[in-house]
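Asks: Please read through the structure below; I'll follow up with questions.
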Amino acid sequence: MGRVEGKVAIVTGAASGLGAADARVLAREGAPKLHVLDTTSPFTVLRCIERLWPDGTVVVVSSKSGTTIEPLSLYAVFREWADGVLGDGAGQHFIAVTDPGSRLEQLARDEGFAAIFPGRANVGGRFSALSAFGTVPASLTGIDIGRLAAAAIAMEADCASPAASNPAAQLAAWMADGLAEGRDKLTFVASKQLAPFGLWVEQLVAESTGKDGVGVVPVLEAAPGDPRAWAEDRMVFVMRSTGDEELATVATRAPKGTPVLTVDIADPYDIGAEFVRWEYAVALLGHLMGVNPFDQPNVAEAKEATSAILAGTLAVPEPTSRLGDIEITTNVRMETPSDNASLASALDALLDEAGPGDYLAVLAFLPEDREIVEPLTDAVASIAWGRRMACMLEMGPRYLHSTGQLHKAGPPKGRFLIVTARDEAEMAVPGAPYTLNALIRAQAAGDYVTLVGRGLRVVRVDLPQPAHGPVRLLAETLRGSALG
């Protein structure tokens with residue numbers, strides 16, 4: 024691939040805040056381009072490196088704790104890449120955003136980073152969208168931070184109003200009313216330009232409410248939404264750009280009785296106000312639900328399992344069956360003996376006896392390449408409307424820092440299909456005893472072990488390669504099994 028200059032590469036541990044969403048919501052023609060790397064897929068990382076050139080790139084390494092394995096591993100890869108071309112000047116192409124006193128802060132000082140921006144230790148990661156974690160990468164791409172902040176400040180003032188006129192209190196009450204009716208699937212539908220905002224809402228809602236056996240399950244749905252998929256467990260939030268007439272009809276297309284709340288966005292910079300509204304609303308909702316919205320007590324479980332697998336102290340479960348070059352591992356009992364089981368029978372067993380309120384999460388540790396992933400996207404949509412069952416496609420390892428908390432400690436209604444592939448391109452992590460390929464596979468295996476340990480239904484399908492053909496075969500089998 025050719026040389027591409029004038030880029031800003033963002034290496035981050037999770038899809039949160041402006042870095043992941045607003046660079047696309049507020050993208051400006053001719054501005055430096057933002058790449059968000061929240062994956063350890065060697066395929067994706069290598070492709071990014073091939074498209075960039077060190078002297079035209081700034082890498083922002085973001086980690087609140089400064090110890091998260093993904094950004095530190097990606098930093099090591101990008102630093103070796105930059106050192107090879109820029110030599111002693113490579114450090115000036117790196118910026119750190121981290122809490123004061125963290126390991127990353129010390130690393131940045133030792134290795135000559137151009138700048139270190141401190142986070143606020145008393146503000147959780149998912150609530151840090153308008154802190155340095157979001158505003159530093161946003162400013163590097165030419166976004167007007169003052170204009171964004173003005174919208175946020177105006178909303179903050181509104182959120183100090185009495186409940187009757189308080190937009191955050193109204194949003195919290197709407198979600199609480201939905202929960203009281205058994206509608207725990209928050210379906211988020213947005214105009215195309217605003218859709219990336221949903222990734223942050225997904226993390227905020229899932230990680231803040233999904234604990235103690237309860238939680239709101241966020242479901243991101245492509246506009247204009249598909250009412251055929253909406254059962255009695257749905258509440259639908261619509262974020263609509265002014266002039267998007269298609270989304271103006273959601274309330275009339277939704278099944279009778281479905282609560283639909285629409286927010287109109289006249290100016291893309293109003294997204295700053297929506298960060299504030301949602302942060303306040305989710306904090307209030309946590310109080311109404313009786314959970315602490317500011318912790319994530321179960322996120323560490325999969326991290327610890329990953330570390331143990333990499334260290335060799337935790338064994339990766341052996342495949343339940345091998346079907347040609349596809350390996351299946353599951354804790355679900357199948358009707359046919361494991362040595363004769365087909366891919367279809369494993370997927371049938373995963374969805375067997377799914378009841379009202381259950382959901383399917385396809386957890387794909389695959390490159391975020393449209394051609395590769397599209398068959399799974401289509402299959403998930405088909406299952407959703409065919410079964411009127413909430414289904415979502417989550418990309419790993421991103422979801423581990425997002426919906427992963429909800430999967431493990433929220434309502435035990437999830438059924439999980441983990442998708443991995445074996446022949447990801449090898450890429451060494453300088454200074455580490457593992458490769459990126461070993462890391463992403465350990466992350467998938469660690470989550471499998473953790474979910475199974477929770478007594479949840481899990482099937483892992485390990486494909487021979489991360490390519491369109493094997494993924495399409497899985498997707499077609501999934502659709503056929505799920506729809507009968």
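The sequence shown begins at 24 in our numbering and counts up by one. Just so it is clear, CB atoms sit at the ideal spot from N, CA and C, and this is done for glycine as well. What you are looking at is a predicted structure, and each value in this text was computed from that prediction instead of being measured.
(1) Rank Leu366, Asn460, Asp293 by C-alpha distance to the C-alpha of Leu69 and give the top, closest one.
(2) From Thr232 to Val475, what distance separates their C-alpha atoms?
(3) Thinking Asp235 and Val283 are a contact (beta carbons under 8 Å), I'd like their distance in whole angstroms, please.
(4) Enumerate, from N- to C-terminal direction, the unbroken alpha helix (DSSP H) stretches of 4 or more residues contained entirely within the region 256-341.
(5) Output the distance between the C-alpha atoms of His430 and Thr353, rounded to the nearest integer angstrom.
(6) Under the rule that 16 or more other beta-carbon atoms within 10 Å means buried, what is Arg132, buried or exposed?
(7) Pick out whichever of Ile118, Gly124, Val261 has its Cα sitting closest to the Cα of Ile288.
(8) Do the CB positions of Val159 and Val212 come within less than 8 Å of each other?
(9) Within 10 Å of its beta-carbon, does Asp167 have 16 or more other beta-carbons around it, so buried, or fewer, so exposed?
(10) Distance, Cα to Cα, Ala331 vs Leu337?
(11) Quick one: give me the first and last residue of the beta strand (DSSP E) that Glu93 is part of.
(12) Going straight from the alpha carbon of Val442 to that of Val259, what length do you get?
(13) Three or more C-beta pairs closer than 8 Å, one from the region 220-232 and one from the region 333-348: is that the case here?
(14) Using three-state DSSP, classify Ser405 as helix, strand or coil.
(15) Hey, would you say Gly295 sits closer than 8 Å to Leu153, going by beta carbons?
(16) Tell me whether Gly492 is buried or exposed, calling it buried when 16 or more other Cβ atoms sit within 10 Å of its Cβ.
(17) Contact defined as beta carbons within less than 8 Å: I believe Ala407 pairs with Ala252. What is the distance between those atoms, to the nearest angstrom?
(18) Would the beta-carbon of Leu49 fall within 8 Å of that of Tyr292?
(19) Based on Cα-Cα distance, which residue from Ala173, Thr63, Tyr422, Val484 lies nearest to Val355?
(20) Given a cut-off of 8 Å, decide if Asp371 and Ala498 are closer than it, judged by their beta-carbon atoms.
(21) Cα-Cα, which of His424, Asp200, Ala187, Arg263 is closest to Gly280?
(22) Taking all protein chains shown into account, do 16 or more other C-beta atoms lie within 10 angstroms of the C-beta of His116, making it buried, or fewer, making it exposed?
(23) Just how far apart, CA to CA, sit Arg502 and Val403?
(24) Is it buried or exposed for Asn189, if we count other Cβ within 10 angstroms and need 16 for buried?
(25) If Ile463 sits next to Thr63, beta carbons under 8 Å apart, how far is it from one beta carbon to the other, in whole angstroms?
(26) What is the C-beta distance between Phe220 and Glu134, in whole angstroms, given that I count them as a contact (C-beta under 8 Å)?
(27) Take Leu311 and list the residues in its own chain whose beta-carbon comes closer than 7 Å to its own, dropping the five residues that flank it on each side.
(28) Could you name the residues of the same chain whose beta carbon sits closer than 6 Å to that of Pro456, not counting the 5 residues immediately before and after it, in chain order?
(29) At what residue ranges does the region 406-464 contain a whole run of the alpha helix (DSSP H), taking only runs of 4 or more?
(30) Return the residue from the list Arg410, Val452, Glu244, Leu486 that minimises the CA-CA distance to Ser504.
(31) Do Ala369 and Ile349 have their beta-carbon atoms positioned less than 8 Å apart in this structure?
(32) Whose C-alpha, out of Pro65, Asp61, Val82, is nearest the C-alpha of Pro55?
(33) Which residues mark the beginning and the end of the beta strand (DSSP E) in which Arg483 is found?
(34) Expressed to the nearest angstrom, what Euclidean distance is found between the alpha-carbon atoms of Ala105 and Pro77?
(35) Buried or exposed for Ser344, please, with buried defined as at least 16 other CB atoms from any protein chain shown within 10 angstroms of its CB.
(36) Which residues share a DSSP beta bridge with Pro141?
Replies: In terms of the structure at hand:
(1) In the sequence shown, residue 69 corresponds to position 46, counting from 1. Among Leu366, Asn460, Asp293, the Cα nearest to that of Leu69 belongs to Asn460.
(2) Locating residue 232 in the sequence shown gives position 209, counting from the first residue. Locating residue 475 in the sequence shown gives position 452, counting from the first residue. Val475 has its alpha-carbon roughly 21 Å from the corresponding atom of Thr232.
(3) Along the sequence shown, read from residue 1 onward, the residue named residue 235 stands at position 212. Along the sequence shown, read from residue 1 onward, the residue named residue 283 stands at position 260. That belief does not hold up - the Cβ atoms of Asp235 and Val283 are roughly 28 Å apart, past 8 Å.
(4) Taking only runs of at least 4 residues, the alpha helix (DSSP H) segments lying wholly in the region 256-341 are 273-276, 294-312, 322-334.
(5) Within the sequence shown, the letter at position 407 stands for residue 430. Within the sequence shown, the letter at position 330 stands for residue 353. Distance between the alpha carbons of His430 and Thr353: 17 Å.
(6) Along the sequence shown, read from residue 1 onward, the residue named residue 132 stands at position 109. Label assigned to Arg132: exposed.
(7) The residue given as residue 288 occupies position 265 in the sequence shown. Ranking Ile118, Gly124, Val261 by Cα distance to Ile288 puts Val261 first.
(8) The count along the sequence shown starts at 1 and reaches residue 159 at position 136. The count along the sequence shown starts at 1 and reaches residue 212 at position 189. In this structure, Val212 does not lie closer than 8 Å to Val159 by Cβ.
(9) One-based indexing of the sequence shown puts residue 167 at position 144. Exposed, since its Cβ has fewer than 16 Cβ neighbours within 10 Å.
(10) Locating residue 331 in the sequence shown gives position 308, where the first residue counts as 1. Locating residue 337 in the sequence shown gives position 314, where the first residue counts as 1. Our two residues, Ala331 and Leu337, have alpha carbons roughly 5 Å apart in a direct line.
(11) As a position in the sequence shown, residue 93 is number 70, starting the count at 1. Counting along the chain, Glu93 falls outside any beta strand (DSSP E), though it belongs to the alpha helix (DSSP H) covering 92-109.
(12) Numbered from 1 along the sequence shown, position 419 holds the residue referred to as residue 442. Numbered from 1 along the sequence shown, position 236 holds the residue referred to as residue 259. Those two C-alpha atoms are separated by around 28 Å.
(13) No, the region 220-232 does not touch the region 333-348.
(14) Within the sequence shown, residue 405 is the residue found at index 382, counting from 1. Per DSSP, reduced to three states, the secondary structure at Ser405 is helical.
(15) Within the sequence shown, the letter at position 272 stands for residue 295. Within the sequence shown, the letter at position 130 stands for residue 153. Yes, the pair counts as a contact, with Cβ atoms nearer than the cut-off.
(16) Here residue 492 refers to the residue found at position 469 of the sequence shown. Gly492 should be labelled exposed.
(17) The residue given as residue 407 occupies position 384 in the sequence shown. The residue given as residue 252 occupies position 229 in the sequence shown. Yes, Ala407 and Ala252 are in contact; Cβ-Cβ is about 4 Å, under 8 Å.
(18) Counting from one through the sequence shown, the residue named residue 49 turns up at place 26. Counting from one through the sequence shown, the residue named residue 292 turns up at place 269. Their beta carbons are under 8 Å apart, which means Leu49 touches Tyr292 by this criterion.
(19) Position 332 of the sequence shown, counted from the start, is the residue given in the question as residue 355. Relative to the Cα of Val355, the nearest Cα in the group Ala173, Thr63, Tyr422, Val484 belongs to Val484.
(20) Counting from one through the sequence shown, the residue named residue 498 turns up at place 475. Counting from one through the sequence shown, the residue named residue 371 turns up at place 348. In terms of Cβ geometry, Ala498 and Asp371 do not form a close pair [threshold 8 Å].
(21) Against the sequence shown, residue 280 aligns to sequence position 257. Closest by alpha carbon: Asp200.
(22) Within the sequence shown, residue 116 is the residue found at index 93, counting from 1. His116 comes out buried.
(23) As a position in the sequence shown, residue 502 is number 479, starting the count at 1. As a position in the sequence shown, residue 403 is number 380, starting the count at 1. Rounded to the nearest angstrom, the gap between the Cα atoms of Arg502 and Val403 is 8 Å.
(24) Walking along the sequence shown from the start, residue 189 turns up at place 166. Asn189 should be labelled buried.
(25) By 1-based counting over the sequence shown, the position of residue 463 is 440. By 1-based counting over the sequence shown, the position of residue 63 is 40. In this structure, Ile463 and Thr63 form a Cβ contact; the two beta carbons are roughly 4 Å apart against a cut-off of 8 Å.
(26) Counting from one through the sequence shown, the residue named residue 220 turns up at place 197. Counting from one through the sequence shown, the residue named residue 134 turns up at place 111. Their Cβ separation, rounded to whole angstroms, is 34 Å, which puts Phe220 and Glu134 out of contact at 8 Å.
(27) Counting from one through the sequence shown, the residue named residue 311 turns up at place 288. If we look at Leu311 and ignore the five residues flanking it on each side, its Cβ neighbours are Ala195, Ala199.
(28) Residue numbering aside, residue 456 sits at position 433 when the sequence shown is read from its first letter. Nothing listed; no residue qualifies.
(29) With a minimum length of 4 residues, the continuous alpha helix (DSSP H) runs that stay inside the region 406-464 are 427-432.
(30) Locating residue 504 in the sequence shown gives position 481, counting from the first residue. For Ser504, the nearest C-alpha among the options comes from Arg410.
(31) Counting from 1 along the sequence shown, the entry for residue 349 is found at position 326. Counting from 1 along the sequence shown, the entry for residue 369 is found at position 346. Their beta carbons are not under 8 Å apart, which means Ile349 does not touch Ala369 by this criterion.
(32) If you number the sequence shown from 1, residue 55 lands on position 32. Ranked by Cα distance from Pro55, the first of Pro65, Asp61, Val82 is Val82.
(33) Reading the sequence shown from its first residue, position 460 is the one you call residue 483. Counting along the chain, the beta strand (DSSP E) containing Arg483 begins and ends at 480-486.
(34) Here residue 105 corresponds to residue number 82 of the sequence shown, with the count starting at 1. Here residue 77 corresponds to residue number 54 of the sequence shown, with the count starting at 1. So the alpha carbons of these two residues sit roughly 5 Å apart.
(35) One-based indexing of the sequence shown puts residue 344 at position 321. With 16 or more Cβ atoms within 10 Å of its Cβ, Ser344 is classed as buried.
(36) As a first step, residue 141 is located in the sequence shown; it is residue number 118 there, counting from the start. Residue pairing by DSSP places Pro141 opposite Thr121 in a beta bridge.
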